[in-house]
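Right, one structure below, let's go through it.
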Amino acid sequence: MNALQEIANMMNETEKKAFIHYLSKKNKRKDTGNIELFNSLKTDDIKITKNITKDKKSADAYHALRKRLYDNMIDFMANRSFENDTSQENAVLRLIVVSRLFFEHKLTKTAFKCLAKAEEIALSIEHFSLLNEIYLTQIQFAHFNLSEPIEKIIQKFKSNKKKLEYEEQLNLGYAVLRRELAAIYHEGRIVDFQALIKSTIETNGISLKQGLTFKSLYQILFIANEYASINNNYALIQPFVLKSYRFISRKNDLTDRHLYYHIYILYFIANFYFRNGQFTESLSYLDLMFTELQKQSGKYYQRFCLRYFLLLAFNENYLGHSQKAIEIAEKALSSNKKADPNDSNDIRLMLIVFYIQQNAGRNAVKEMAKLNHTDNWYEKKMGMDWTIKKCLVEILLHAQQENTELALSRIKSFKRRYKKYLLTVDEERVVQYLLFAEQYVMKPEIIQTQKFQKEIEDFIISAQNGPKDIFIMSFLSWLVAKVRRKTIYETTLNLLTTYFPGMHSS
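Once you know that position 61 of the sequence shown is 60 in numbering that gives the first Met the number 0, the rest is easy, because the numbers rise by one and skip nothing.
In structure tokens, the structure reads:
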């Protein structure tokens with residue numbers, strides 16, 4: 000998809016009509032062709048594109064037309080965003096700009112009132128960079144207001160400057176770690192992430208004892224959450240989660256003003272409890288998250304709804320409400336077709352796992368067919384860890400459906416592509432697991448031998464002694480079900496109670 004098409008897809012029908020009106024006002028000639036080209040983007044009509052260019056002397060004229068339309072689209076979207084932006088941040092920016100205009104025209108009293116109002120809003124949303132601009136402007140024009148001690152303004156400026164510098168250092172550290180995470184997930188880069196976090200914190204002078212904001216807490220929790228995911232051990236980040244809960248409890252009056260970060264923080268906490276097998280606690284935070292999703296006319300609902308439904312369905316499934324979980328997942332996919340493809344892929348893979356657990360192979364095959372890109376594509380879009388899980392689920396599905404040749408083919412390509420990587424990141428468990436699956440696919444009767452059964456049971460015990468992760472446990476359940484001759488779902492629920500001894504259920 001080209002850039003013109005991508006921007007056009009961002010526009011709703013009202014914006015598209017407004018843009019055509021914007022172009023018609025700008026056009027000085029009737030044969031400009033930009034409106035016709037824009038309309039062709041909406042219909043994806045190749046014939047129209049050819050008609051536009053057939054009287055041109057060369058393809059250069061067409062590319063020049065595309066370039067002008069592209070520039071106009073960017074100008075239009077920028078102006079419209081600024082006009083329609085009713086956020087408090089934008090309100091502060093407008094007040095700062097207008098105050099400087101008033102100072103230039105010697106309307107000093109009105110200018111200081113604008114700055115005072117801007118300061119009040121910026122303090123309420125903890126926006127340190129805007130506060131920095133406000134205090135600098137107040138200091139610059141302090142000679143117009145002798146009744147206000149300049150020392151008081153300078154003190155506020157210095158105090159805010161410290162907070163701003165800390166936020167900047169945290170932003171730098173966050174950016175470095177996000178970049179490394181992208182390389183780990185999408186390129187399979189081998190990194191000692193724990194050591195990287197430590198060095199990044201030290202290099203950037205980040206202290207978790209400093210005063211947190213919603214944004215900084217989101218950044219810290221994001222990194223902590225990803226770190227736990229890489230290590231398949233969510234118990235590692237419990238201190239961050241407890242600190243997050245205390246922070247939200249103390250700043251309840253600010254949650255609506257930081258709605259985006261507040262929703263994300265609730266999601267991280269809910270995810271933490273789910274991955275540790277504490278499902279009722281996870282559901283309680285999902286309830287809070289859902290309440291926040293309704294606020295401000297559902298401003299962030301589309302952005303987060305699939306993540307909410309993903310965790311909701313997971314919790315319900317592992318609480319024993321499998322049919323409810325499947326219905327949540329199916330409805331989420333059918334009702335949110337324009338959602339982020341990454342979130343849709345997450346829900347689809349989860350739904351396939353649920354179908355396999357319920358021995359609904361036909362439904363699982365139907366959904367798996369929709370994940371039809373190459374492994375390389377998924378590695379780039381979804382990450383290495385997700386793609387490995389997807390491949391393992393696909394192998395189990397083929398084995399479940401007794402598609403022996405397909406299962407063995409996928410096992411062979413999986414080993415060729417991922418074995419070296421898995422051994423490098425100390426995930427021998429996955430390699431060993433795959434070996435057991437391969438032995439079973441090649442010779443299903445092996446499951447009845449005492450030797451194989453003992454090897455599986457020993458493997459389960461050793462896996463349970465490692466980091467606790469519910470997804471790893473779900474894969475193990477498939478093997479255990481074969482050995483114990485029980486249904487996969489029944490085995491999964493039974494294994495949960497030994498895997499998470501303190502597990503809460505309903």
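Cβ atoms here follow ideal geometry from the backbone N, Cα and C, with glycine treated the same way.
Let me know the secondary structure DSSP gives residue i once reduced to three states.
i      : result
Met0   : With a pLDDT of 48 at Met0, under the threshold of 50, the modelled position of this residue cannot be trusted; read the value that follows with caution. Met0 falls in the coil class under three-state DSSP.
Gln277 : strand
Met381 : coil
Tyr498 : helix
Met10  : coil
Ala60  : helix
Ala368 : coil
Ile205 : coil
His320 : coil
Gly32  : coil
Ile45  : Bear in mind that the predicted position of Ile45 carries a pLDDT of just 48, short of 50, making it unreliable; the figure below should be weighed with that in mind. Helix.
Tyr299 : coil
Gln452 : helix
Ala110 : helix
Asn232 : coil
Ala359 : coil
Asn335 : coil
Asn170 : helix
Ile124 : coil
Gln400 : coil
Between which two residues does the alpha helix (DSSP H) holding residue i run?
i      : result
Arg93  : Gln87 to Glu103
Tyr439 : Glu427 to Met441
Asp252 : First-last for Asp252: undefined, no H or E at that position.
Val482 : Ile469 to Arg483
Glu404 : Thr403 to Thr423
Glu132 : Phe127 to Gln139
Leu145 : Element bounds for Leu145: n/a, residue is neither H nor E.
Arg347 : Pro340 to Gln356
For residue i, which option in the options has the closest C-alpha, if you only look at C-alpha atoms?
i      : options                           : result
Gln87  : Thr109, Tyr69 and Leu129          : Leu129
Ala462 : Gln447, Gln449, Val429 and Glu489 : Val429
Phe37  : Ala2, Lys27, Leu235 and Ile222    : Ala2
Ser215 : Ser281, His126 and Ala90          : His126
Asp339 : Glu132, Gln4, Cys304 and Val96    : Cys304
Glu401 : Lys389, Leu282, Val424 and Glu437 : Glu437
Phe239 : Asp252, Ile229 and Tyr272         : Tyr272
Glu378 : Leu64, Lys337, Ile410 and Tyr417  : Tyr417
Lys411 : Tyr266, Ile394, Phe267 and Ser333 : Ile394
Glu201 : Tyr165, Tyr233, Ile459 and Gln322 : Tyr165
Arg93  : Tyr69, Lys108, Asn71 and Glu118   : Glu118
Ala331 : Tyr21, Gln322, Ile346 and Ser321  : Ile346
Ala77  : Ile6, Val91 and Ser23             : Ile6
Ile262 : Arg306, Asp342, Gly276 and Ile236 : Arg306
Asn275 : Glu35, Leu495 and His20           : Leu495
Leu292 : Tyr259, Ser334 and Thr403         : Tyr259
Count the other CB atoms within 10 Å of the CB of residue i; is the residue buried (16 or more) or exposed (fewer)?
i      : result
Met10  : buried
Gly297 : exposed
Trp376 : exposed
Val96  : exposed
Gln154 : exposed
Leu422 : exposed
Ile45  : Note on Ile45: pLDDT 48, under 50, position unreliable in the model; no value is reported.
Asp342 : buried
Ser98  : buried
Ala182 : exposed
Gln356 : buried
Asn8   : exposed
| task | Mind the definition here: the segment 142-154 touches the segment 162-182 only if three or more C-beta pairs lie below 8 Å; say whether that holds. | result | no
| field | the segment 193-200 touching the segment 243-252, judged by at least three CB pairs closer than 8 Å | value | no
| Would the segment 467-477 and the segment 439-451 be scored as touching if the rule is three or more Cβ pairs under 8 Å? | no
| message | Check whether the segment 305-318 and the segment 281-291 touch, using three or more Cβ-Cβ pairs below 8 Å as the test. | response | yes
| Are there three or more Cβ pairs, one per stretch, closer than 8 Å when the segment 249-265 is compared with the segment 226-237? | no
| request: Determine contact between the segment 62-81 and the segment 98-117, defined as no fewer than three beta-carbon pairs at a distance below 8 Å. | output: no
| said: Under 8 Å: do the segment 132-139 and the segment 150-163 share three or more Cβ pairs, one atom per stretch? | reply: yes
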